[in-house]
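Participant:
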Amino acid sequence: MIENLNIGCLYDKKSEKAETAFHELRQLYNLRELDLKKIDNFDIVITLGGDGEMLRALHATKNFKPKIFGMNRGSIGFLLNEYHTNNLNTRINHAQSVKLYPLKMIVTTDDNKVTQAHAFNEVSLLRETNQIAKIRIIIDDIIRMDSLYADGIIISTPAGSTAYNFAAYGPIIPLNANILALTPISPFRPRRWNGALIPYKSTIKFEILEFKKRPVSAVADSSETRNIKSVEVCIDFSIEKTILFDKGENLQEKVFKEQFYKDKIY
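Shown next as C-alpha cells:
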C-alpha cells in the first residue's frame with residue numbers, strides 16, 4: 045500500500061513491457077494485481093498497457109469507487125501518464141483528477157431484443173455487409189436527418205473525440221465544452237455532411253431504415269450488438285469515473301495539444 049491507500053494493478057498480459065512494469069512496481073511498492081471480485085476494496089487502480097487497458101479498467105470499475113492512474117506501456121497512451129518507477133506515492137498524491145461520464149447505449153435488435161452497454165469513448169454504428177447503411181437521426185424527439193446514407197456514424201464523448209471520431213475526421217472536443225460529436229463514416233448522402241455538435245444532455249436516437257436489407261451493428265467501445273433496428277444514446281450521469289494525471293499533464297491539456305498536433309506520440 046502507498047500512504048494508506050489500497051492500490052490494485054491491471055496490466056496487459058499480452059504485453060511483455062506491461063508485465064515487466066508490473067513486476068518492477070510490485071517489487072518496489074508491494075502492489076497487488078487487482079481482484080475483479082473485490083474492486084470496491086481498492087482506492088486506486090494503476091493500469092499498465094495502452095489506452096485499451098485504461099478502457100478495460102474504466103469498464104471493470106464503472107460501478108465502484110476506485111480512481112484510475114494509468115501508465116503507458118502501450119503505443120499512443122492518450123489517456124495515460126508516462127511510465128517510470130520514481131516517487132509513485134508522490135505522483136498519485138499530487139495528481140490532478142478528471143471526471144468522465146460514459147454514454148449509455150440502448151439497442152433494439154431486428155427481433156425486438158433490447159440490450160444495453162456503456163461507452164467511455166464512443167458509440168459507433170457500422171454497416172455489416174456491402175450494402176450501405178441508411179440511418180434516420182432523431183435528437184431530443186426531433187428528426188434532424190431523415191436518411192443518412194453512409195458506412196456508419198459515431199457519437200463520441202469529449203474524452204473519446206481523439207480516437208475513432210478523429211480518425212473519421214470528426215472534431216476534437218475540449219473536456220469542458222459539454223458537447224458530443226456526431227460524425228458520419230464515409231457519408232454518401234447528404235454529400236459533404238461533416239456531422240454535428242450535440243448538447244451534452246441530449247438524447248440521440250438512430251433508426252435503421254431497411255434494416256433487413258441493410259444490416260447494421262452497434263458498438264459501445266468494444267461491446268458489439270449486431271442486426272440492430274434502433275439505438276438510443278445519452279450520457280449516463282449516474283456513473284462517474286475519476287482518472288488521475290501527473291501534475292501539469294492532464295487530459296484537458298492533452299486534448300488541447302492534440303489540436304495543434306506536432307507528430308508527438310504520448
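In my numbering, the protein residues as written are 45 to 310. Glycine included, each C-beta is placed from N, C-alpha and C at the ideal position.
Near K106, which residues of its chain fall below 6 Å by C-beta distance, leaving aside the five closest residues on each side in sequence?
Facilitator: Cβ neighbours of K106 beyond the five flanking positions: I283.
Participant: Quick one: using the 10 Å Cβ neighbour count with 16 as the cut-off for buried, is N174 buried or exposed?
Facilitator: exposed
Participant: Given S230, which residues of its chain have a CB within under 7 Å of its CB, disregarding the five upstream and five downstream residues?
Facilitator: A194 and D195
Participant: So is T134 buried or exposed if we call it buried at 16+ other beta carbons inside 10 Å?
Facilitator: The residue is exposed, with fewer than 16 neighbouring Cβ atoms inside 10 Å.
Participant: If you draw a straight line from the C-alpha of A139 to the C-alpha of N48, how long is it?
Facilitator: 16 Å
Participant: Rank D265, P146, K81 and I51 by C-alpha distance to the C-alpha of T91 and give the top, closest one.
Facilitator: I51
Participant: When DSSP builds the beta bridges, which residues end up paired with Q160?
Facilitator: DSSP, once it has assigned bridges, lists I150 as partnering Q160.
Participant: Along the beta strand (DSSP E) that carries R100, what are the first and last residues, could you check?
Facilitator: Taken as a continuous stretch (DSSP letters only), R100 belongs to no beta strand (DSSP E), being part of the alpha helix (DSSP H) at D95 to A104.
Participant: In chain order, what residues of the same chain lie with their CB nearer than 7 Å to the CB of N85, ignoring the 5 residues before and after it?
Facilitator: N50
Participant: For C53, which residues from the same chain have a beta carbon less than 8 Å from its beta carbon, with the 5 sequence-adjacent residues on both sides left out?
Facilitator: Excluding positions up to five away in sequence, the list reads F66, L69, R70, L75, R76, E77, L78, V89, I90, T91 and L92.
Participant: Terminal residues of the continuous alpha helix (DSSP H) containing I136?
Facilitator: L132 to N137
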